[in-house]
Structures are given as structure tokens and as C-alpha cells.
Amino acid sequence: MAKSVNSTDPCSKLRQINQVHKNKKTSNSPNHLSIPSCRQSRSTVIHVIIFIAFIGARGFLLYPSMKLVLFKTVEIVEVIVYVVKDEIFQALIIYERLGLRRRERETEGRRRERKRLTETVRDFRWRGGSQS
Numbered sequence: 050m051a052k053s054v055n056s057t058d059p060c061s062k063l064r065q066i067n068q069v070h071k072n073k074k075t076s077n078s079p080n081h082l083s084i085p086s087c088r089q090s091r092s093t094v095i096h097v098i099i100f101i102a103f104i105g106a107r108g109f110l111l112y113p114s115m116k117l118v119l120f121k122t123v124e125i126v127e128v129i130v131y132v133v134k135d136e137i138f139q140a141l142i143i144y145e146r147l148g149l150r151r152r153e154r155e156t157e158g159r160r161r162e163r164k165r166l167t168e169t170v171r172d173f174r175w176r177g178g179s180q181s
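Letter by letter, the sequence shown follows residues 50 to 181 in the working numbering.
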């Protein structure tokens, strides 16, 4: 049985219009847009609304936990940095007391000696090469 054209169902009207467009072959527009079927349009709108609500709820529920994780991570990193800094400082004091930094002291002594010799040579050249 064929449905009448005066049917109140908008989907049937769209299907009839779609059939007319399919039967009518236009030569000037080979890629014309066809009107989609109306069977799942209501459920599609509902699915889109549910998806948007899901994304919003997920963000709303995850924000506090992500905030908590972030702040706790920052606190832990601060403690680790403090402990490592303190250990390095204590190790330097221990190495200093044990005399393991003696090489640095010797290098400083050599620099002072080299500077003193350079000043002596400079004074000698300035006086004309003779000492009085």
C-alpha cells in the first residue's frame, strides 16, 4: 500500500522528496546533496546531548582529583629537592673536613703564586730591567 502525499509524518515527506531528487537526474550538479533519512535523527540528537553531558560530567568529576594529584606531586617534589639539597650541602662539609678538597686549595695556591710572579715580572719590566 502506498502512503498518501498528505501524510503528517515529516519523515515520509522527506523520503518522498528524497526519491524525487534521486529520480530526477540533473546534469549540472553531479554531486548534489541528498536529504538524509529521518529514521535515526531523533536518536542522534539524543546521543549528542548525552555525549555532551558525559564530557561535562567527566570534567566536573575529574577536576578535583586531578587538582589533588597535582598539588601532592608538587609537595613531594619540593620535599625531594630539599632533601637532596641538604644531602649535597652536608656532603660538601664532610669532604671539606676530610681534606678531599685539597686539590682545589692547591690550585688556589698556585693561582696566587702565579699572580705574584706575574706582578714581579711586570714590575721588573717597568723599571727597565734593572733592580735597584
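All C-beta atoms, glycine included, are put in the ideal place defined by N, C-alpha and C.
Item to complete: Determine the DSSP secondary structure at residue 163, reduced to helix, strand or coil.
Response: Sequence index remark: in the sequence shown, residue 163 carries index 114 (1-based). Residue 163 falls in the helix class under three-state DSSP.
Discussion item. Starting from residue 107, trace the alpha helix (DSSP H) in both directions and tell me its first and last residue.
Written reply: Sequence index remark: in the sequence shown, residue 107 carries index 58 (1-based). Counting along the chain, the unbroken alpha helix (DSSP H) around residue 107 starts and ends at 90 to 147.
Practice prompt. Whole angstroms is fine: what's the gap from residue 159's alpha carbon to residue 166's?
Written response: By 1-based counting over the sequence shown, the position of residue 159 is 110. By 1-based counting over the sequence shown, the position of residue 166 is 117. Looking at the two C-alpha atoms, the distance is approximately 10 Å.
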